[in-house]
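Residue numbers for the sequence shown follow our numbering, beginning at 1 and rising by one. Don't be surprised by glycine CBs; every beta carbon is placed ideally from N, CA and C. As structure tokens, the structure follows; a few thoughts come after it.
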Amino acid sequence: MAKQPHVLVISFPAQGHVAPLMKLSHLIVDHRINVIFVTSEFIHAKVTATMPVKNKASHFKDLIEKINQSNDDEQISCTLLMQPFGWALEEVAEKMGIKRAAVWLAGAGNLAFTTLHILKLIEDGNNRC
């Protein structure tokens with residue numbers, strides 16, 4: 001029997017990002033796919049006062065390992081990450097052999113401008129992007 005897909009949805013740690021990703025998560029669940037929704041403790045407290053996790057990449061890896069150890073039948077098979085939050089976390093998922101998808105909630109023009117700006121910075125030798 002094939003394992004059921006299990007998606008880890010990670011919201012950008014800012015207000016205004018949780019509701020759209022939660023709606024998307026509900027649509028994914030409607031297709032009988034398991035979803036775990038994650039946001040920072042800080043935003044969680046605002047939505048439902050702690051500070052956000054300091055080392056997100058390390059916390060993300062620990063979170064996936066904890067979820068995967070809790071049930072062999074429900075391993076995380078995909079992550080859905082908010083951009084720009086997801087770049088560092090994508091590397092963690094890739095190293096763990098987990099499929100990745102990114103979500104951009106702002107307009108397409110904003111994405112194009114941001115991407116072109118980052119590429120220009122890299123082109124100009126600014127490797128700290």
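Inter-residue Cα distance where the pair is residue i and residue j
i	j	result
Met96	Glu65	9 Å
Asn71	Ile118	40 Å
Lys61	Ile98	11 Å
Ala101	Ile36	15 Å
His6	Thr114	31 Å
Val18	Val92	22 Å
Gly16	Glu90	22 Å
Gln4	Asp124	45 Å
Leu116	Leu105	17 Å
Ile76	Arg32	15 Å
Cys78	Asn34	10 Å
Ile67	Glu74	8 Å
Three-state class that DSSP yields for residue i in the structure shown
i	result
Val7	strand
Leu89	helix
Val53	Note that Val53 scores 48 on pLDDT, short of 50, meaning its location in the model is unreliable and no value can be drawn from it.
Asn71	coil
Ile36	strand
Ala112	helix
Asp124	coil
His26	helix
His31	coil
Residues that residue i bridges to, as DSSP identifies them
i	result
Ala96	According to the sequence provided, residue 96 is Met. The question's Ala does not apply to it. None; Met96 has no bridge partner.
Leu80	Val9, Ala101
Val18	Its beta-bridge partners do not exist; DSSP assigns none.
Rounded distance between the beta-carbons of residue j and residue i, thought under 8 Å
i	j	result
Met82	Leu21	7 Å
Thr39	Ser58	That pair is no contact at about 17 Å.
Closer than 7 Å: residue i CB and nearest the ligand FAD heavy atom
i	result
Gly109	With respect to the ligand FAD, the structure offers nothing, as it holds no ligand at all.
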